[in-house]
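Residue 1248 in this note's numbering sits at position 799 of the sequence shown, with consecutive numbering throughout.
Where a beta carbon is used, it is the ideal one built from N, C-alpha and C, also for glycine.
Only a predicted model underlies this, so the values are computations on that prediction, with no experimental measurement involved.
First the structure, in the form of structure tokens, and then the observations on it.
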Amino acid sequence: MAENLPYAGHLTRSIIDTTGGDLLCVLRVGGASMECADDSVINNRHERLNRAVMSLANPRITTWQHIVKTEESQYPDGHFPPGYARELNDRYRAKIGGLRLMANYLYLTVVLRPYRTRAEGLFAKLVAGHSREFHAKVREQHVAELEDIVRKLVASLGYYDAAPLQVHERDGVLFSEAASFLQFLVTGRWTPVPLAPVPLRYLIGGVRPIFGNEIVEVRNPGGTHFCAILGIHSYPQVTTPMFLEELLSLPFELVVTQSFEFKTRDAAMRGMTLARNRMESAGDAATSQIDEIAEAKDDVASRRSVAGAHHYSVLVKAPTLDELRDNIADIDAVLTDAGIKPAREDLASESAYWAQMPGNFMFRPRLSPINSRNLCGFIPLHNFPIGRRKGNHWGDALSMLLTNGGTPFYFNLHGSDPRAANGGNKKDVGNAMLIGPTGAGKTAKVAFTLMMLQKFGVTSVLFSTDRDTEIAVRRLRGKVYRLCLNEPTGLAPFALDPAEAVNVRHLRTLVRRLLARPVVTDTGAEVDTKPLTVQDEKRLDGAIDSVLRIPRESRRLGRVLDFLPKGDLYERLARWCYARELGREDGPLAWVFDNLAGSIADELGSAATTAFDTTAYLDDPELRTPINMHLLHLTTRLVDGRRFALFVSEFWKPLGDRHYAAYFKKALKTVRKLDGLVVLDTQSPSDAVTLPIARTLIEQCPTLILFPNDKADKREYVEYIGCSEREYDLVKKDMPEGQGYFLLKQGKHSIVCRLPLDGMEDDMAVLSARSTNLALMDRLIAQYGEDPDAWVPHFNRERVKHASNPRASDLGIVPADSTSIRSAT
């Protein structure tokens, strides 16, 4: 096998020399997401890529490009604590494991031929004689030349995440990433290749392909697979950036190989002139082809493109001959639909097989002249993003999702740079915003994310509505608080430790908020205040300080009245306090904050997951702002460097209040600074963009998840949150509803993903809490207690038992009323 491989060894960590004196560098290319891009964007990328290719134009340079489609079944690792989250992950992992997923890996190899012909090389050696020093100096110049070419190419391909494959060290042994790639091209298996003091070609292989008539059999220690190779018999009339995209979605393994050897302008012009003259002298009636040659000649002459010699092959793989025949038929159909007339390699199959190896010039079959624009149609560097499985901000990927291309996507809330060797860093922002109508799958995605975060040891707090995540939180043995109207909430602001200055500042801000004169705007989202006088400020701060000197067990909001003179200030605060005098009625809002120490403040943080159901007061600005301010203050006390996540459902309602928005904006920075993240969800983009801190939210949420919405407003999606026309169409009409699909925008990538929870009905009953399931849970908890081990078996059994007749009356269920029930578990 070594005689068919030209590789001598590494000259640098990324550059390999060949036995013929050529130098090459292999680049891994992440690729650009094309599924959600507008046509104008795709065409613009095509032009930019053409310019990048033209920048390489040099008859001493040849490029090899590969698309490697291979099975990808690696599921993200992570240690879950015992309990429901681990069980869910195991079931989801088993479901994903039952699917055959493929991943596309793109590679671009630049080969520098120091001498264009063998005669030039022999002449150079003759001139140099036997001077090793001279040879070494010339070699250094060639290495520097290729390094400069690669550096500029990587810069021009910045959007595509291109980076050279390197030599890296592990346990004192050097391994070559480029050699591992070359090994795969020969064997069809990914294996690490350690370097040794022998020519590189002897380190690659371990198998011997057996070439038959049209079939190649590759026997590996782990098994045998069969291959067939298709080339191009005749090229299409037109190439576009999308004409071969279907190759990326095929459900079997393959390797697309092509090379492009640049020609000088004069040589290209002579070749096209000769081709045109032959057609004209032969009386060829294909006038359109003659015109195309004239146009291509004009493009080269005008420096709009460059010309070169191109070879193309598709190696199709299968474990059996029957599967191989089916796969060949699929490839044949894709190429034919693209306007290509494919040719099955038979006698030339061995030559085509070895031509896959970069630098193997003499094996290339079916060389044809094309220009750089055509080449960019064959290699648009498109791909389905795959995300990052390891080395993210918090380690392994949060979860694995599916794409429309049948490929996996390793999802992370922190959008780590895939080019960074170590992935995440402290600059990564994990905030996310989810937008979608009721029933689109938003709640299930939020709850699933909450479950997967458990493997990171995250402390989570949820501000939920309509009890949407309550079943999920209870399954995690978390705390659930339903804050209900006219019942003591357990919130006791004055039980906070006054030794912490942040607590004192919070109390002063909160009490001032309670003294506000409620003024509701036309939108119903604003509560204004009656300004306090300087004297009022001093009296109020003095009263607060006096209460904070009282023993903790006696401190409460109502005690502030004891230190205030009767008057307007007193009366305004009295609305929030129980009566301090005989014959006086309790304030109508005393149940909110005039509580003694204990309950929520002391319990918060004792469980890894806590949920506050804010439904009861969410539409009342007078209650909503101060309650959320205090809950947020209690929550941010947990942000102390531990991994932390804050979930806010229907965030637009509380953040519509100017004062709370300012409070939240400050908390957002604190959470990010101390290794936390925030997940916001709402039903419409307009909910977000009309907020006082709209710009901050959009800028601080680099991950945007959009669910199908057949009522989506174009202006809201395109103008408000920056969707492309194509992304809007996907949200509006092209993404299936109710099947777990959503559009993920993260960094520069945009992709349609799917969370495949279909068939996992028991888990969906937990993740997407329906009113009947909530009512069933309430009844079972009342009957068996709050321990999930006690009520969950009955929950699953009764839910399945009555699935065919889901009337609540059959279950003895009375829907829970969040305005009259308060529970803490």
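field: Helix, strand or coil at residue 1101 according to DSSP, with G and I counted as helix
entry: Residue 1101 sits at position 652 when you count from the first residue of the sequence shown. Note: residue 1101 maps to helix in three-state DSSP.
message: Measuring CB atoms only, is the region 809–825 touching the region 749–763, in the sense that at least three cross pairs come out at less than 8 Å?
response: yes
- request: Please name the residue or residues paired with residue 666 in a DSSP beta bridge.
  value: Reading the sequence shown from its first residue, position 217 is the one you call residue 666. Note: residue 666 sits in a beta bridge opposite 659 and 675.
Three-state secondary structure assigned by DSSP to residue 518: As a first step, residue 518 is located in the sequence shown; it is residue number 69 there, counting from the start. In this structure, residue 518 counts as strand in the three-state DSSP scheme.
- prompt: Does DSSP put residue 1142 in a helix, a strand or coil?
  reply: On the sequence shown, position 693 is the one that residue 1142 refers to. Coil, per DSSP.
message: Using CA atoms only, rank isn't needed, just tell me which of 551, 1047, 949 and 623 is closest to residue 940.
response: Here residue 940 corresponds to residue number 491 of the sequence shown, with the count starting at 1. Comparing Cα-Cα distances from residue 940 to each of 551, 1047, 949 and 623, the minimum goes to 1047.
message: At 4 residues or longer, what runs of the alpha helix (DSSP H) sit wholly inside the region 1194–1232?
response: 1210–1216
query: Mapping DSSP to helix, strand and coil, what is residue 523?
result: Counting from 1 along the sequence shown, the entry for residue 523 is found at position 74. If DSSP states are grouped into helix, strand and coil, residue 523 belongs with coil.
task: Report all residues from its chain with a CB closer than 6 Å to the CB of residue 1217; omit the five preceding and five following residues, and keep chain order.
output: As a working mapping, residue 1217 is identified with position 768 in the sequence shown. Correct list, in chain order: 892 and 893.
message: Does the contact criterion of 3 or more C-beta pairs under 8 Å hold for the region 1036–1050 versus the region 991–1005?
response: yes
task: Would you check if there are 3 or more beta carbon pairs closer than 8 Å linking the region 901–916 to the region 1160–1173?
output: no
- prompt: Does the beta-carbon distance from residue 1237 to residue 931 come in below 8 Å?
  reply: Position 788 of the sequence shown, counting from 1, holds the residue named residue 1237. Position 482 of the sequence shown, counting from 1, holds the residue named residue 931. The answer is no: Cβ separation not under 8 Å.
query: What span of residues does the beta strand (DSSP E) with residue 857 cover, start to end?
result: Here residue 857 refers to the residue found at position 408 of the sequence shown. Residue 857 -> beta strand (DSSP E) spans 857–860.
query: Assuming residue 642 contacts residue 632 under a Cβ cut-off of 8 Å, what Cβ separation, rounded to an integer in Å, is found between them?
result: The residue you call residue 642 lines up with position 193 of the sequence shown. The residue you call residue 632 lines up with position 183 of the sequence shown. That pair is a contact at about 5 Å.
- request: Can you have a look at residue 610 and say buried or exposed, based on whether 16 or more other CB atoms are within 10 angstroms of its CB?
  value: As a working mapping, residue 610 is identified with position 161 in the sequence shown. When all chains shown are included, residue 610 counts as buried.
Counted within 10 angstroms of its Cβ, other Cβ atoms place residue 639 as buried (16 or more) or exposed: Along the sequence shown, one-based indexing puts residue 639 at 190. Label assigned to residue 639: exposed.
- prompt: Is there contact between the region 518–529 and the region 492–510, where contact requires at least three CB pairs shorter than 8 Å?
  reply: no
query: Are the region 676–689 and the region 838–853 touching, with three or more C-beta to C-beta distances below 8 Å?
result: no
task: Per DSSP, which residues does residue 760 bridge with? Please list them.
output: Looking up residue 760 in the sequence shown gives position 311. Note: residue 760 sits in a beta bridge opposite 708.
field: Where the alpha helix (DSSP H) through residue 426 begins and ends
entry: One cannot answer for residue 426 here, as it falls past the ends of the chain, which runs 450 to 1274.
message: Which residue wins for smallest C-alpha separation from residue 1149, given the options 561, 880, 1029 and 710?
response: Reading the sequence shown from its first residue, position 700 is the one you call residue 1149. Per the Cα distances, 880.
task: For the beta strand (DSSP E) holding residue 458, just list the boundary residues, first then last.
output: One-based indexing of the sequence shown puts residue 458 at position 9. Unbroken beta strand (DSSP E) run through residue 458: 456–459.
Beta carbon of residue 1225 nearer than 8 Å to that of residue 1247: In the sequence shown, residue 1225 corresponds to position 776, counting from 1. In the sequence shown, residue 1247 corresponds to position 798, counting from 1. Result yes, Cβ atoms of residue 1225 and residue 1247 sit closer than 8 Å.
field: Extent of the continuous alpha helix (DSSP H) run through residue 901
entry: Taking the sequence shown and counting its residues from 1, the one referred to as residue 901 is at position 452. Unbroken alpha helix (DSSP H) run through residue 901: 891–901.
field: residue 1064 versus residue 886 - alpha carbon distance
entry: Here residue 1064 corresponds to residue number 615 of the sequence shown, with the count starting at 1. Here residue 886 corresponds to residue number 437 of the sequence shown, with the count starting at 1. Approximately 17 Å between the Cα atoms of the pair.
task: Rounded to whole angstroms, what's the CA-CA distance from residue 661 to residue 693? Just pull it up for me.
output: Within the sequence shown, residue 661 is the residue found at index 212, counting from 1. Within the sequence shown, residue 693 is the residue found at index 244, counting from 1. Residue 661 and residue 693: Cα-Cα distance of roughly 28 Å.
field: Beta-carbon gap between residue 897 and residue 1097 smaller than 8 Å
entry: Residue 897 sits at position 448 when you count from the first residue of the sequence shown. Residue 1097 sits at position 648 when you count from the first residue of the sequence shown. The answer is no: Cβ separation not under 8 Å.
field: residue 963 versus 948, 979 and 481, residue with shortest Cα-Cα distance
entry: Here residue 963 refers to the residue found at position 514 when the sequence shown is read from its first residue. The residue with the shortest Cα to Cα distance from residue 963 is 979.
field: Secondary structure, alpha helix (DSSP H): runs of 4+ residues fully inside the region 984–1031
entry: 1017–1023
task: Measure the C-alpha to C-alpha separation of residue 1026 and residue 1185 and round it to an integer number of angstroms.
output: Residue 1026 sits at position 577 when you count from the first residue of the sequence shown. Residue 1185 sits at position 736 when you count from the first residue of the sequence shown. If I take the Cα positions, the gap works out to 52 Å.
message: For residue 1197, tell me which candidate among 884, 480, 542 and 456 has the shortest Cα-Cα distance.
response: Here residue 1197 refers to the residue found at position 748 when the sequence shown is read from its first residue. For the residues 884, 480, 542 and 456, the minimum Cα distance to residue 1197 belongs to 480.
- request: Ignore the nearest five residues each way along the sequence and tell me which others in residue 794's own chain have a CB closer than 6 Å to its CB.
  value: On the sequence shown, position 345 is the one that residue 794 refers to. Hits under 6 Å: 678, 680 and 801.
- request: Please state whether DSSP places residue 770 in a helix, a strand or coil.
  value: On the sequence shown, residue 770 is found 321 positions in, with the first residue counted as 1. Reduced to three states, the DSSP call for residue 770 is helix.
field: Own chain partners of residue 882 with C-beta closer than 6 Å, once the 5 adjacent residues on each side are dropped
entry: Counting from one through the sequence shown, the residue named residue 882 turns up at place 433. Hits under 6 Å: 1129, 1150 and 1153.
query: So is residue 796 buried or exposed if we call it buried at 16+ other beta carbons inside 10 Å?
result: On the sequence shown, position 347 is the one that residue 796 refers to. Residue 796 is exposed by the Cβ-count criterion.
- prompt: What are the boundary residues of the alpha helix (DSSP H) that residue 946 is part of?
  reply: One-based indexing of the sequence shown puts residue 946 at position 497. Here residue 946 belongs to no alpha helix (DSSP H), and DSSP marks it neither H nor E.
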